[in-house]
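K.L.:
The structure is given below, and queries will be raised subsequently.
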Amino acid sequence: MTITAEEPRAVVLAQETPPPPAAPAAPRYALSVATGLAIAAATMLMGGLLGYYLALRQAAETWPPQGVVIPNVALVATYGALLLSSLTAQWSVSALTSRDRRHLYLAIAMTVLLGGAFINGLTFCWARLALVAGTGFEYADIVYAITVTHLLLVVTAMVVYVLVGFRVLAGQASDRQRELVVCATAWWHFVVVVGLIVWWTLWFAERVL
Amino acid sequence: MSTIATNLRVYEPTELPGLAGWLTTSDHKRIGRCWIAVSLAALLVGLGLLLAVAAEGTESGQQILDGGSFARIYSAYHEVLVLGFLVPFAIGLATYLIPLQIGAPGLAFPRMASFAFWTYVVALGSLVGAYLARGGAVASSGRAADLYVVAFAGVVAALSVALASIISTAATWRTSGLTLDRAPAFTWATIVGGGLFILSASVLLSRLILGYIASRYGDGVFDYPTVSWFWSGPQLGLLAVPTAGIALDLSPTLAKARFRVHGTVLVVLAAMAILGFGAGSQLVDTFDDVFYVLVSFAEILPALVVVALLGDLLRRGRPSGASALVMALVASVLLLGAAAAGAAGAISGLDLQGTVWADAIFALVVPGAGLLGVGAALWYWAPKLYGLQLSEAAGKVVALFVSAGTVFYALPVFVNGLVNDVPLAATGWDGSDIADLNRLSLLGIALVALGAVLIVVELVRSVVLRQGFRAGADPWHGATLEWAAASPPSAFNFAGPLPEVHSAWPLWADESDGSSRR
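Chains A and B supply the protein sequences, listed in that same order.
Going letter by letter, the first sequence gives residues 842 to 1050 in the working numbering.
Going letter by letter, the second sequence gives residues -5 to 512 in the working numbering.
What follows is the structure, given as structure tokens:
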């Protein structure tokens, strides 16, 4: 530190205004808390929709309504792809832990790809179901409400994973950045679990059980 | 340029000048002030709408508004007062204050907080646009109804994101030694109340999604009960948590005494929030459930404990008579009255469901206790918010107007609900006594509105015109950490590292009042 005699104002300024503390070096678990809140909120959101579905189901005489053909094989393949993505998401955490950057890239890319496969499969299933929303047919309304909302959750998880991928490419995947990958993975796992609950409630329990 | 000066420049906040600075700011103090300004503007709009609805009720039949307009304004004033005024003010205060109360240099996710605020502004503007296009929550369909649902969802989502940023900060950025059981009452109220608000708002979002599909893709109409549970009992109890948190936070300092056990404050606020979680009570069918009735009665207990805690504090301390304390005490009593009225409303023999009894409870919690809580917060924390102290005389007038106004506003509505069985949102009835009571209620609303205008005028006089009294760092001899910062706080809030915190009253020494300081 050098203070020259011809700059007394700087010295006075320094004495009057002590430098404020730097921002905390590593805020602990703030991202984890935010992720927990997001998961809790999305649980309530999907819980509200599924609760309404179950209430409709309980009140109906026949469920699913006459004429609805559930494409079970396509649905199993679609939600199976989503389940697989949970494995690749966890692979990204393992790769980060073992500092294996190449596998980390691969795991993130595979996860996003499987998310895309799920969206593709779901749109195919919608086409096979041939339901039309807004015609007073409540089954169609609630099915679209639930599956589209879940699809949006999958899209958010994909966006988060793409962002994490960019940060990894930028060299930010280190032990200090581990929380970012872990939280993105936790969100992904949550979205997969919600997908499995949706599959069970809307499709599997209706036709197979 | 010396090294020291260079170092100091590094610490200067890198905010852009002018409007760009406000749009891109990541300074929690600026974001907090923005929320507060918007909420006060919404308060005036909401009270204006309320006056219009009340004026319509001074005669049987439609006088000023046609049936559709009346129904839209009726739903709009609830939305504006809850989602435009009460919740945004609590978020603004928390955004500004909580980093100071926990000894943090800022928010954990400042850009997320800024994004949430501007999203909220756009969504709120769209909501107003939807109403102007004759959309709204009451039996509307068409494009205006679609816009209404999307805008409403945007408002709710933005409020939730803003709360997530604050809660993450409060949960993880506390200074050394400030464990959660030592958290200031307002910080704790934001954690528990905000957390449960996010959960119930998510349920509201699910209802909005279904409403959107019915409205956008079909001929279905969007019904008011889809959203109105959010400001009805028991959910009103959750909306009362910030007011109770403010009252319990500022009272020890202004009464110069501390609570016997700080944990009691935390437990009572948590109980108030949990019992106020109303996502399970949206349908009329649930109102006869034993659980609903039990919860409605249980909500009295935390409200009663809040009043008892404050009473005990006043008895043991040396209350200053500051207007903030007066407003906080009256707000607490009004919350207790609302809880008792909510319990009475759950008694099926009284047949109060579906009557204006619910409007009277709303009057006690939102324009009554809520506005008094806001006034108390502004008068108490103005030194931190603006570096100025507001006029005590003006504060006492505000307290008088809002307190008296709330009583005049709510009591006639209670009578109309209990004795005259006036249904909610009714414009026609038999009997002149109902009109007389409604006129009295209109007078009360006018007094409350006058109090709100006085708050805004005092803020403009003191803050905008810079005619307020200049405040020192700690004019109240406060107990919590925000009073260790300058008024208003500098960038990064504190001049240096804070010492380890050892109690819930970190700025007070071991003696029981604020006159002896560490």
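Just so you know, even glycine gets a beta-carbon here, dropped at the ideal spot from N, CA and C.
#1: When you check each C-beta in the stretch 254 to 287 of chain B against every C-beta of chain A, which residues fall closer than 8 Å?
#2: Regarding H496(B) and the ligand HEM, is the C-beta to nearest heavy atom distance less than 7 Å?
#3: Secondary structure at T349(B), three-state DSSP: helix, strand or coil?
#4: Between V1000(A), T990(A), W967(A) and G1006(A), which lies nearest to N913(A) when the distance is taken from Cα to Cα?
#5: Give the C-beta separation of T990(A) and L963(A) to the nearest angstrom, bearing in mind that I take them to be a contact with Cβ-Cβ under 8 Å.
#6: Would you verify that the beta carbon of T990(A) is, or is not, closer than 8 Å to some beta carbon of chain B?
#7: Looking at C-alpha atoms only, which residue of T1026(A), L994(A) and G1006(A) is the closest neighbour of V1039(A)?
#8: Residues of chain A with CB under 9 Å from F103(B), in chain order?
#9: Could you say which of G123(B), I96(B), G129(B) and V149(B) lies nearest to Y114(B) if we only look at CA atoms?
#10: With DSSP as the reference, identify every bridge partner of Q383(B), one or two as the case may be.
#11: Would you kindly work out how many angstroms separate the C-alpha atoms of H496(B) and S933(A), rounded to a whole number?
#12: Within 10 Å of its beta-carbon, does L172(B) have 16 or more other beta-carbons around it, so buried, or fewer, so exposed?
#13: Please check if any C-beta of chain A sits within less than 8 Å of the C-beta of W477(B).
#14: Residues of chain B with a CB under 7 Å from the CB of T964(A): which are they?
#15: Kindly list, in the order they appear in chain B, the residues whose Cβ is closer than 8 Å to that of A974(A).
#16: Does DSSP put A866(A) in a helix, a strand or coil?
#17: So, does the CB of I96(B) fall closer than 8 Å to a CB anywhere in chain A?
#18: Are at least three pairs of beta-carbons, each pair with one atom in the stretch 449 to 469 of chain B and one in the stretch 215 to 235 of chain B, less than 8 Å apart?
#19: Here's a check: name, in chain order, each residue in its chain whose Cβ is nearer than 8 Å to the Cβ of R312(B), leaving out the five neighbours to either side.
#20: Run through DSSP, which three-state label would N414(B) get?
#21: Assign S290(B) to one of three DSSP states: helix, strand, or coil.
#22: Examine the Cβ distances between the stretch 46 to 66 of chain B and the stretch 427 to 444 of chain B and report whether three or more of them are shorter than 8 Å.
#23: Going by the CB atoms, is the gap between A139(B) and S526(B) shorter than 8 Å?
#24: What residues match up with S245(B) in a beta bridge as DSSP calls it?
#25: How far does the alpha helix (DSSP H) with W16(B) in it extend, from its first residue to its last?
#26: Does DSSP classify E847(A) as helix, strand or coil?
#27: For the stretch 1008 to 1040 of chain A, enumerate the residues whose C-beta is nearer than 9 Å to any C-beta of chain B, in chain order.
#28: Taking Cβ to Cβ, would you say A49(B) is nearer than 8 Å to L307(B)?
#29: Among all the DSSP beta bridges, which residues are the ones paired with S63(B)?
#30: Can you check whether the C-beta of Y980(A) is within less than 8 Å of a C-beta belonging to chain B?
#31: Is the shortest distance between the beta-carbon of T998(A) and the beta-carbons of chain B less than 8 Å?
#32: Hey, how far is the Cα of E1047(A) from the Cα of W1028(A)?
#33: Taking the alpha helix (DSSP H) that F180(B) belongs to, which residues open and close that run?
#34: Whose CA, out of W470(B), D345(B) and A376(B), lies closest to the CA of G462(B)?
#35: Helix, strand or coil: which one does DSSP assign to S226(B)?
#36: Taking contact to mean at least 3 C-beta pairs separated by less than 8 Å, is the stretch 332 to 349 of chain B in contact with the stretch 367 to 382 of chain B?
P.N.:
With the structure as the only source:
#1: A273
#2: Absence of the ligand HEM is noted for the structure shown, with no ligands found whatsoever.
#3: Working through the second sequence from its first residue, we reach residue 349(B) at position 355. T349(B) falls in the strand class under three-state DSSP.
#4: The count along the first sequence starts at 1 and reaches residue 913(A) at position 72. Among V1000(A), T990(A), W967(A) and G1006(A), the Cα nearest to that of N913(A) belongs to W967(A).
#5: In the first sequence, the residue the question calls residue 990(A) occupies position 149. In the first sequence, the residue the question calls residue 963(A) occupies position 122. Between L963(A) and T990(A) the Cβ distance is about 12 Å, and since that is not below 8 Å, they are no contact.
#6: Taking the first sequence and counting its residues from 1, one reaches residue 990(A) at position 149. Cβ-Cβ to chain B under 8 Å: yes for T990(A).
#7: Locating residue 1039(A) in the first sequence gives position 198, where the first residue counts as 1. The candidate whose alpha carbon is nearest that of V1039(A) is L994(A).
#8: Residue mapping note: residue 103(B) aligns to position 109 of the second sequence, counting from 1. Simply A871, L872 and A875.
#9: Numbered from 1 along the second sequence, position 120 holds the residue referred to as residue 114(B). Closest by alpha carbon: V149(B).
#10: For this step, residue 383(B) is matched to residue 389 along the second sequence. Partner(s): F463(B).
#11: Your numbering for residue 496(B) matches position 502 in the second sequence. Your numbering for residue 933(A) matches position 92 in the first sequence. Spanning the two alpha carbons is a distance of roughly 42 Å.
#12: Position 178 of the second sequence, counting from 1, holds the residue named residue 172(B). So L172(B) ends up on the buried side.
#13: Residue numbering aside, residue 477(B) sits at position 483 when the second sequence is read from its first letter. No, no contact with chain A.
#14: On the first sequence, position 123 is the one that residue 964(A) refers to. By Cβ distance, chain B contributes nothing, its closest Cβ being about 17 Å from T964(A), past 7 Å.
#15: In the first sequence, residue 974(A) corresponds to position 133, counting from 1. Neighbours of A974(A) on chain B, chain order: I207, Y211 and G212.
#16: Sequence index remark: in the first sequence, residue 866(A) carries index 25 (1-based). The pLDDT assigned to A866(A) is 48, lower than 50, so where the model puts this residue is not dependable; a value taken from the coordinates is nonetheless given after this. Coil at A866(A), not helix or strand.
#17: Within the second sequence, residue 96(B) is the residue found at index 102, counting from 1. Not an interface residue.
#18: no
#19: Sequence index remark: in the second sequence, residue 312(B) carries index 318 (1-based). Answer for R312(B): A249, K250, A251 and D507, listed in chain order.
#20: Numbered from its first residue, the second sequence carries residue 414(B) at position 420. In the three-state reduction of the DSSP assignment, N414(B) falls in the coil class.
#21: Taking the second sequence and counting its residues from 1, the one referred to as residue 290(B) is at position 296. Looking at S290(B) - three-state DSSP - the assignment turns out to be helix.
#22: Touching, yes, given that three or more Cβ pairs across the two stretches are closer than 8 Å.
#23: The structure shown does not extend to residue 526(B), since chain B spans only -5 to 512, so no value can be given for it.
#24: On the second sequence, residue 245(B) is found 251 positions in, with the first residue counted as 1. DSSP output for S245(B) lists no bridge partner at all.
#25: Reading the second sequence from its first residue, position 22 is the one you call residue 16(B). Its alpha helix (DSSP H) spans residues G12 to T18.
#26: As a position in the first sequence, residue 847(A) is number 6, starting the count at 1. Any answer about E847(A) is weak, because its pLDDT of 38 lies below 50 and its placement is not dependable; what the coordinates show is given next. Coil at E847(A), not helix or strand.
#27: none
#28: The residue given as residue 49(B) occupies position 55 in the second sequence. The residue given as residue 307(B) occupies position 313 in the second sequence. Cβ distance not < 8 Å, so A49(B) and L307(B) don't count as in contact.
#29: Position 69 of the second sequence, counted from the start, is the residue given in the question as residue 63(B). Note: S63(B) sits in no beta bridge, so no partner.
#30: Stepping through the first sequence from its first residue, residue 980(A) is reached at position 139. Under the 8 Å criterion on CB atoms, Y980(A) is classed as non-interfacial with respect to chain B.
#31: Translated into positions along the first sequence, residue 998(A) becomes position 157. In the sequence as displayed, the identity of residue 998(A) is Ala instead of Thr. For A998(A), the answer is no, since every Cβ of chain B falls outside 8 Å of its Cβ.
#32: Residue mapping note: residue 1047(A) aligns to position 206 of the first sequence, counting from 1. Residue mapping note: residue 1028(A) aligns to position 187 of the first sequence, counting from 1. CA-CA distance, E1047(A) to W1028(A), rounds to 28 Å.
#33: Counting from one through the second sequence, the residue named residue 180(B) turns up at place 186. Here the alpha helix (DSSP H) through F180(B) covers A179 to R210.
#34: As a first step, residue 462(B) must be located in the second sequence, where it is residue number 468. For the residues W470(B), D345(B) and A376(B), the minimum Cα distance to G462(B) belongs to A376(B).
#35: On the second sequence, residue 226(B) is found 232 positions in, with the first residue counted as 1. S226(B) falls in the coil class under three-state DSSP.
#36: Too few Cβ pairs lie closer than 8 Å, so no.
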